[in-house]
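As you go down the protein sequences, you meet chains S and H in turn. Quick note: the first sequence uses this note's numbering, first residue 1, plus one each step. Quick note: the second sequence uses this note's numbering, first residue 509, plus one each step. All C-beta atoms, glycine included, are put in the ideal place defined by N, C-alpha and C. Data block below; observations after.
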Amino acid sequence: MVLELQKPRPIWQIMFSTHHTDVGLLYLITSLGFLFLGGALALAIRAELFLPGAQIIGDAMTFNRIFTVHGTTLIFLFIIPFASSVGNYYVPIMVRYKDMAYPKLNAIAFWMIPPGGALIWLGFADFTWYATPPYSIISAPGPAADMWIFGLKILGISSVLGAINFIVTILKCKHPDMSIGQVPLLAWSFLSSSLIILVAIPTFAAALLMLLTDRLGVSGFFNPAMGGDPIAYAHLFWFTFHPEVYVLVIPAIGMMYEIIPRFSRKPIYSYNSGVFAFVLLSIVGFSSWAHHMYATGMSFTEKTVFMVGTLAAVPASAMHVFNFVATMWNARIKFLTPMMWSVGGIALFFSAGAGGVANAAMPLDFTTHDTYWVVGHFHLFVMGTIAFGSIGFLYYMFPYVTGRMYNETMGKIHFIMSFVGTVLVFFTQHVLGLYGMPRRIFDYPPIPEWIAMNQIATVGAMIIGVSMAIFLANMIYSSGKGKPANTEDPFGVGGKYYYPFEAKNPSH
Amino acid sequence: MGGHSNWPEWIYIGVVVALMVWVGAEAWEAERLVEHVPEGAETIIVTGQQWFWTFEHEDGTKEIGELHVEVGKAYKLEIVSKDVNHSFNIHDYVVLMDAIPGRVNTVWFAPTDAGEHDIQCREYCGLIHYNMRGKLIVEDPTA
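This is the structure we're talking about:
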């Protein structure tokens with residue numbers, strides 16, 4: 001057990017430890033902190049959009065800053081660190097090694113997150129998480145924009161270091177008796193997402209440096225006034241961040257691969273197709289970046305190529321869904337909280353994927369591009385699949401981390417409220433986009449359909465907000481006062497678990 | 509792989525691939541039609557800047573914030589920007605094209621009925637992005 005609340009260790013022992021479970025715990029707590037911070041900003045945005053006109057936030061600049069920091073926080077400071085925490089806990093154990101390959105590097109990678117997060121939050125930049133030039137070069141107020149750039153640079157280095165560590169741990173440190181074809185799917189998911197990071201992030205690191213020198217006025221890579229091309233930035237950005245959505249989603253799918261067979265009490269339907277789909281997804285993820293840019297004046301040929309590349313990702317994702325459904329088919333499923341989150345996540349993954357096909361098809365893209373459709377679409381992925389997978393896994397690992405059980409009823413209430421809220425917010429936003437509401441707007445004209453749907457979305461967001469408060473209360477109370485868990489088999493689904501309670505921390 | 513057969517998965521993947529091929533082919537065909545600017549379309553230069561739209565007709569008349577067009581004619585819009593990226597959008601006619609400084613992007617449309625439609629900016633362009641709106645006024649010269 002890692003977080004021994006009965007015999008607490010001094011906090012600095014955990015902070016300065018390089019053991020993989022301690023670093024995982026630090027990642028976990030940091031990422032959850034940022035989840036609540038970013039979520040609070042989301043509630044502020046939704047509250048402001050409840051009615052047309054300025055009510056809660058008051059001025060457009062503050063609103064623009066809020067949605068920028070909301071997006072940056074939840075992607076870079078919640079989802080990625082959360083995946084790292086799960087990877088840190090489980091990957092060394094799954095490949096049967098005593099720690100990560102480079103423990104000190106691991107701790108360094110974690111300790112880059114607090115300064116990166118501080119730069120983003122203290123700067124509170126306003127140029128959206130794309131930081132699209134030329135706005136980000138000539139109009140975005142400094143030093144907020146510069147702080148954002150430095151913050152993201154640090155976070156980028158942190159993820160590259162983490163990715164190197166995962167790749168080496170899985171490929172070089174796995175037990176000699178274990179072939180690569182026996183590595184659990186969760187570890188496979190970290191291997192494929194780490195490989196994507198290694199290819200994608202350096203591209204964005206280069207783009208950020210160019211953006212910074214452009215802002216300093218010494219270069220003009222993306223500044224048309226100095227002969228540069230803003231579209232070049234868009235290519236570099238999306239070459240990183242389209243594959244990056246797979247970096248976010250692949251570990252979440254991997255977590256579901258851990259939960260669903262366990263709670264279905266059946267082996268996974270097809271291990272090989274899971275591995276194949278991970279690897280395929282991490283390759284075709286790179287062939288689809290420019291579908292974010294159909295409206296920038298690309299040629300017909302370019303658009304066609306990228307449409308084909310984008311559609312190619314659909315069968316790979318569909319294989320996972322098939323695998324999950326086939327595993328649950330005819331199984332004696334035990335619907336405890338982690339399983340409910342995973343099943344809900346699959347349902348929303350499927351609907352978000354269906355919406356994604358509409359974005360990929362060229363002519364449809366022009367009705368949906370930069371409207372609330374897109375907001376609904378990717379939030380359905382990010383919240384509906386990635387956060388659902390992550391939170392489900394958090395409940396799953398809770399007994400191992402704390403040695404205690406969470407409150408099952410509260411967990412189920414949390415799931416049901418979140419699911420209802422997610423459907424209310426993000427399905428409505430799809431429709432709102434079809435009515436033509438642009439994204440990132442502080443205020444909207446009083447069109448009756450827009451008002452009605454914004455209100456539904458805001459109510460949904462508040463339901464999610466309340467469920468998250470229940471979640472927080474459950475986590476805090478149960479980690480201190482919850483009933484002690486049976487660490488052999490806390491969920492009573494049979495079979496022996498081989499997870500962190502076996503990973504003895506050498507420092508105690 | 510174990511003791512079960514894999515044919516359901518193969519059929520399923522086949523169906524998904526076939527669906528995607530169909531979606532792709534339909535989209536390709538539709539896009540080919542959409543991209544084809546009709547002969548004799550009148551050119552309007554659309555300029556985006558923080559935070560309003562300017563329109564220049566072929567005969568040199570300029571309008572700010574409002575665009576007057578006639579029913580039954582085809583219009584080719586040449587979209588440019590003076591400062592940062594914007595995106596020109598007439599939602600009711602599914603017209604969408606980014607205004608990018610240093611580039612001229614074209615898009616076309618042909619209004620069918622008289623009436624008023626909203627023009628809006630869909631790409632984040634700073635403080636008053638939310639209010640970078642305009643009006644498309646379609647007139648029927650015969651009425």
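- The contact set of glycine 436 of chain S on chain H, defined by CB atoms closer than 7 Å, consists of His599 in chain order.
- Alanine 607 of chain H carries a strand assignment under DSSP once its states are collapsed to helix, strand and coil.
- Closer than 7 Å to the CB of tyrosine 583 of chain H there is not a single CB belonging to chain S.
- A straight line joining the alpha-carbon of phenylalanine 442 of chain S with that of leucine 41 of chain S spans about 14 Å.
- Taking CB atoms only, glycine 642 of chain H has no neighbour in chain S less than 7 Å away.
- Around the beta carbon of leucine 216 of chain S, a 10 Å sphere encloses fewer than 16 other beta carbons of the protein chains shown; the residue is thus reported as exposed.
- The alpha-carbon separation between glycine 285 of chain S and proline 315 of chain S amounts to approximately 12 Å.
- Valine 431 of chain S and lysine 334 of chain S do not touch by the CB rule: their CB atoms are close to 36 Å apart, not below 8 Å.
- Shown here, tryptophan 329 of chain S sits in coil according to DSSP, grouped into three states, outside any helix or strand.
- DSSP, read as helix, strand or coil, puts histidine 242 of chain S in helix.
- If you look at aspartate 626 of chain H, you'll find it in the beta strand (DSSP E) that goes 623-629.
- With respect to the 7 Å criterion, tyrosine 632 of chain H and arginine 440 of chain S are classified as neighbours on the basis of their beta carbons.
- A check of alpha carbon separations from alanine 331 of chain S across S/Tyr269, S/His320, S/Thr371, S/Ser273 identifies S/Tyr269 as the nearest.
- Cβ neighbours of phenylalanine 36 of chain S within its own chain (closer than 8 Å, five residues either side excluded): Met468, Leu472.
- Two segments are said to touch when three or more pairs of C-beta atoms, one from each, lie closer than 8 Å; by this definition the segment 194-209 of chain S touches the segment 153-164 of chain S.
- Along the segment 312-324 of chain S, the positions whose C-beta sits under 7 Å from a C-beta of chain H are Val314, Pro315, Ala318, Met319, Phe322, read in chain order.
- Within the model, the alpha-carbon separation for threonine 422 of chain S versus tyrosine 638 of chain H is close to 25 Å.
- Taken in chain order, the members of the segment 293-311 of chain S whose beta-carbon sits within less than 8 Å of a beta-carbon on chain H are Ala295, Thr296, Gly297, Phe300, Lys303, Thr304, Met307, Val308, Leu311.
- Counting along the chain, the unbroken alpha helix (DSSP H) around tryptophan 373 of chain S starts and ends at 372-379.
- For the C-beta of glutamate 543 of chain H, the chain S residues within less than 7 Å are, from N- to C-terminus, Phe300.
- For aspartate 229 of chain S, the closest alpha carbon among the candidates S/Thr132, S/Val245, S/Ala318 is that of S/Thr132.
- Contact with chain H is found for serine 139 of chain S, since one of that chain's Cβ atoms lies less than 7 Å from the residue's Cβ.
- With a threshold of 7 Å between beta carbons, aspartate 99 of chain S makes no contact with chain H.
- With 16 or more other Cβ atoms from the protein chains shown falling within 10 Å of its own Cβ, lysine 174 of chain S counts as buried.
- With contacts defined by Cβ atoms closer than 7 Å, asparagine 613 of chain H and isoleucine 572 of chain H do not form a contacting pair.
- Short of 7 Å from the beta carbon of glycine 227 of chain S, and not among the five residues preceding or following it, lie these beta carbons of its own chain, in chain order: Gly220.
- Tryptophan 616 of chain H: member of the beta strand (DSSP E) spanning 613-617, first to last residue.
- Residue range 594-598 is occupied by the beta strand (DSSP E) that includes asparagine 597 of chain H.
- Residues of chain S with a Cβ closer than 9 Å to the Cβ of glutamate 550 of chain H do not exist, since the nearest Cβ in that chain sits about 20 Å away.
- Annotation: Cβ neighbours of arginine 440 of chain S in chain H (cutoff 8 Å, chain order): Tyr632, His637, Tyr638.
- Distance from the CA atom of valine 420 of chain S to the CA atom of methionine 307 of chain S, rounded to whole angstroms, is 32 Å.
- When 9 Å is used as the limit between beta carbons, isoleucine 470 of chain S is near no residue of chain H, the shortest such separation being about 34 Å.
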